[in-house]
Amino acid sequence: MRLTNIGHLRLPFGRLFGYDVAVSDPGPELPVSFDQRRHVGAGERPGSWMALSFRLSSRVPRDDLAAAWLDVIARHGTLRSVFVPGADGPHLHEVEVGAGDWVEHRIGAGQAVNEVLRAVFDEYCTPYSRPSHRMCVLETATGPTVVVAADHSHVDMWSMLVIVRDLLASLGGHSHDVAPAFVDHTRALMDRPTAPDDVRERWAQILSDSGGTMPRFPLPLGSPVMHSERVEVRDVFDVDESAAFSAQARDDGVSTLSLAVSAMTAVTQELAGSPLRAVFPVHSRYDSSWHESVGWFITNSVISSDDPGPSAAAAAVREAVRLGSWPLKDVLEPWGGDMPEAPGMFAISWLDLRRLPVRVDSTSIDAQYVGAVIATDGVMLWFILDDSGLHLRCRYPDTDEARAGVGGWLDALVARLRDSAHSSAGDVLRLGDRTFRVQRAVRADVPAIVALLADDEIGRTREDAEVEQYEAAFDVVARDSAHYLAVVRDDERIVATMQLTVIPGLSRGGTTRLQIEGLRVAQAERSKGLGSAMLDWARAHGSAHGARLVQVATDEARDRARAFYARAGFRSDHVGLKLEW
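Take the working numbering: the last position of the sequence shown gets the number 778, and nothing is skipped along the way.
Written as structure tokens, this is what we have:
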């Protein structure tokens, strides 16, 4: 899922409407979490919200959208609570939320849609707004684009996914039970035991190593005051590179996150000559009962990594999770019970959507996480890993120093991550003492691929076109991401090839298939296990793309090929028919 901010959000042009719900006067008081108190206690301000936009493929009456939004609000208690300022800090109160009215937010001549939407959310989604959330819709001829925003005190990124899923379910006529309320989670955290001495000591050591404050970005950012933000959005991996990187992590015996921390550690040492130290948000949904809830289920930890080895980076991640698993007010008592922030604070957030129990088909609805536009004096880095790959968004001060320091750090990090994916163990086939590498074919490989296709009695009579015709066909295949034309190399020599195609479909309950075509192994390498290893690799490739069925076609006259596929477990219980013209 793409991460962006309101300035870079892709939006269609249309009429913009916002739904004004009716909110009662504040009712019973509710407990306030540590992070809510910090966030809301900073005061009323614009830009403290987060949002998620998505597109619907057909027109939906506004009244239906309003009813679905009210269903979502009824399910999640935090959306029925508001903050009230007090002499001793913010107080949280329960409210009743009911049906309201649609209001058109006019887009003036020459005015960007994004600019208007930003102004709406900056006005309606502040810490003390009542309520501090809003649903807006851009109506177009082909269907609406919905954007839901809420002040961060009530939501995190996981929660935004729950909100969208529940909204879509309600529009589809489905409903969910009322989810456990975030305030119950706050009460549960308050009842947890205090941190042991070793946790307190490690916090103290990391903060001391950071100069007595939360960790800061280790390269110059310019003057230590608030600046307009610069936001960089980068698509680090596609789905194939992501699968290769994950395979390398498995080969190293660590998580994908740990391997990314390893890369960040190495880059920080190379460019700044210092360890990687950063604020490290960790989720507090420690029990599955909170998985369906909406709230700010995030607490802050710190990560300190001075060894780029994957195992050492994994140990640093485990330590960070443990340091963030205790009530922070108690841990931070030596610093007044709050995080000792300073200009230049550096934070790294990681969210693997593939592992969440809440799933949304983000591709079909063009879902995008949206951040506000703010002034900043620090560096915030978000990673999102989903079925389309790895994406990052980085916010930092828009100064010459930060452009050079943070921009250079990001360039080096992305290059290192991609190098790791492209040299991944996931693309290596090991047969005895020999090593082969599977790679996506490039145009220069076409003659070698054609030679393999022609190297048998059938191909010899069939593969006789001019090379330009094959190159034109390669260009068509290469443009379509559903296809993976693979070559297998022994050093620099191409010894095998196959074409893999991911085919979504409705049959078999919507099963996605992987089609294998043109699997050929050079004569000198046949009957040595290379073909079987290629099939195993192909199945892993298909799984990474959501395929649950593999199918292959071969000429009936190829007795050896049919026997090979039968030994691999393929069944010939279907009849394949072809028509040429």
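The beta carbon of each residue, even a glycine, is placed where N, CA and C say it ideally should be.
- Taking a cut-off of 8 angstroms for Cβ pairs, the segment 468 to 477 and the segment 350 to 362 do not touch, as fewer than three such pairs fall below it.
- By the C-beta criterion, the segment 484 to 500 is judged to be in contact with the segment 400 to 412, since at least 3 inter-stretch pairs fall below 8 angstroms.
- For Phe-231, the uninterrupted alpha helix (DSSP H) segment begins and ends at 231 to 238.
- Taking 8 angstroms as the cut-off, the beta carbon of Ile-713 is found no closer than this to the beta carbon of Ala-730.
- Distance from the Cα of Arg-303 is smallest, within the candidate group Val-279, Leu-262, Gly-211, for Gly-211.
- Annotation: the continuous beta strand (DSSP E) that includes His-302 extends over 294 to 302.
- For Glu-320, the closest alpha carbon among the candidates Ala-346, Gly-274, Val-310, Thr-339 is that of Ala-346.
- A direct Cα-Cα distance of roughly 22 angstroms separates Asp-733 from Ser-585.
- Under the three-pair Cβ rule at 8 angstroms, the segment 688 to 698 does not count as touching the segment 750 to 758.
- Here Phe-442 carries a helix assignment [DSSP, helix/strand/coil].
- Between Val-555 and Ile-203, the alpha-carbon positions lie close to 24 angstroms from each other.
- The segment 521 to 532 makes no contact with the segment 329 to 340; the number of CB pairs closer than 8 angstroms stays below 3.
- As summarised for the segment 672 to 741, the continuous alpha helix (DSSP H) elements at least 4 residues long and confined to that stretch are 704 to 707, 727 to 741, given in chain order.
- For Glu-598, the enclosing alpha helix (DSSP H) begins and ends at 597 to 619.
- Rounded to whole angstroms, Met-198 and Asp-677 show a C-alpha spacing of 20 angstroms.
- If you draw a 10 Å sphere on the C-beta of Pro-507, you find 16 or more other C-beta atoms in it, and that means buried.
- His-349 is a Cβ neighbour of Met-247, given a cutoff of 8 angstroms.
- With fewer than 16 neighbouring CB atoms inside 10 Å of its own CB, Gly-629 falls in the exposed class.
- Taking a 10 Å sphere around the C-beta of Glu-516, we find 16 or more other C-beta atoms and assign the residue as buried.
- Annotation: the continuous alpha helix (DSSP H) that includes Pro-644 extends over 643 to 650.
- The three-state secondary structure of Ile-270, taken from DSSP, is helix.
- A direct Cα-to-Cα measurement between Gly-419 and Val-611 gives close to 23 angstroms.
- Measuring C-alpha to C-alpha distances from Arg-447 to each of Asn-311, Asp-597, Leu-682, Ser-617 identifies Ser-617 as the nearest.
- Contact check between the segment 578 to 592 and the segment 383 to 390: fewer than three CB pairs, one atom from each, fall below 8 angstroms, which does not count as touching.
- Short of 7 angstroms from the beta carbon of Tyr-483, and not among the five residues preceding or following it, lies no beta carbon of its own chain.
- With a beta-carbon spacing of about 19 angstroms, Leu-711 and Val-718 fall beyond the 8 angstroms limit used to define contacts.
- The beta strand (DSSP E) runs lying completely inside the segment 461 to 501 and spanning 3 residues or more are 473 to 480, given in chain order.
- Judged by DSSP in its simplified three-state form, Val-380 adopts helix.
- Thr-709 has its alpha-carbon roughly 9 angstroms from the corresponding atom of Gly-739.
- Just so you know, the alpha carbons of Glu-777 and Val-664 end up roughly 22 angstroms apart.
- Collapsing the DSSP output to three states places Pro-390 in coil.
- Inclusion of Ala-544 and Pro-478 in the CB contact set at 8 angstroms is warranted, their separation being smaller than that value.
- Of the residues assessed, Gln-565 falls on the buried side of the cut-off, its CB having 16 or more other CB atoms within 10 angstroms.
- Residue ranges of uninterrupted alpha helix (DSSP H) with 4 or more members, entirely inside the segment 352 to 380 and ordered along the chain, are 354 to 368.
- In the DSSP assignment, Ala-622 falls outside any beta strand (DSSP E), carrying neither H nor E.
- The beta-carbon distance between Leu-582 and Thr-698, rounded to whole angstroms, is 24 angstroms. This is too long to meet the 8 angstroms contact definition.
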